[in-house]
Amino acid sequence: MHYKILYITLRRLILDRDVAGLRSQLLQHGDPLFARALALGSERVIADALSLLPISERLHVLRHLPAALRSALLPLCSRGSPHPARPRWSYPIPSVQHA
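According to the working numbering, the sequence shown holds residues 233 to 331 in order.
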């Protein structure tokens, strides 16, 4: 399957949130072709697709994306997301003392 046709298929699967179908295409075509097809889309499309995949498969696909996309999407592949910083205007958090 040509990667441009695969991209159209992936877009439909992403839109339908079809995780099984997306994983099936990944297994059928392999990481390099899957990543090449995804790279035709915007960062948002790529992020949507990667967010539907398990972390191990995300990392495999991410390795085959162009460097600029890879660095932009790397936060999706971290195991634990950092807590967002509190805004400066927020109330102070009281400290908890253990007895």
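Backbone N, C-alpha and C fix where the C-beta goes; we use that ideal spot for every residue, glycine too.
Item	Value
Counting C-beta neighbours from all protein chains within 10 Å, is the total for aspartate 248 16 or more, i.e. buried, or is it exposed?	exposed
By Cβ distance below 7 Å, which residues in the same chain neighbour proline 264 in space, the five residues on each side in sequence not counted?	His296
The alpha helix (DSSP H) spanning glycine 273 covers which residue range?	Segment: none, glycine 273 is in no alpha helix (DSSP H) and carries neither H nor E.
Leaving out the 5 sequence neighbours to the left and right, which residues in its chain are closer than 8 Å to phenylalanine 266 when beta-carbon positions are compared?	Leu238, Leu242, Gln257, Leu258, Val293, His296
Excluding the 5 residues flanking valine 277 on each side, which residues of the same chain have their C-beta closer than 8 Å to its C-beta?	Arg243, Ile246, Leu270
In three-state terms, what does DSSP make of arginine 295?	coil
Below 8 Å on the Cβ atoms is my contact criterion, and I expect alanine 304 with glutamate 275 to pass it. Report the Cβ-Cβ distance as a whole number of Å.	6 Å
Can you tell me the Cβ-Cβ gap for lysine 236 and leucine 282, rounded? I've got them flagged as a contact below 8 Å.	That pair is no contact at about 20 Å.
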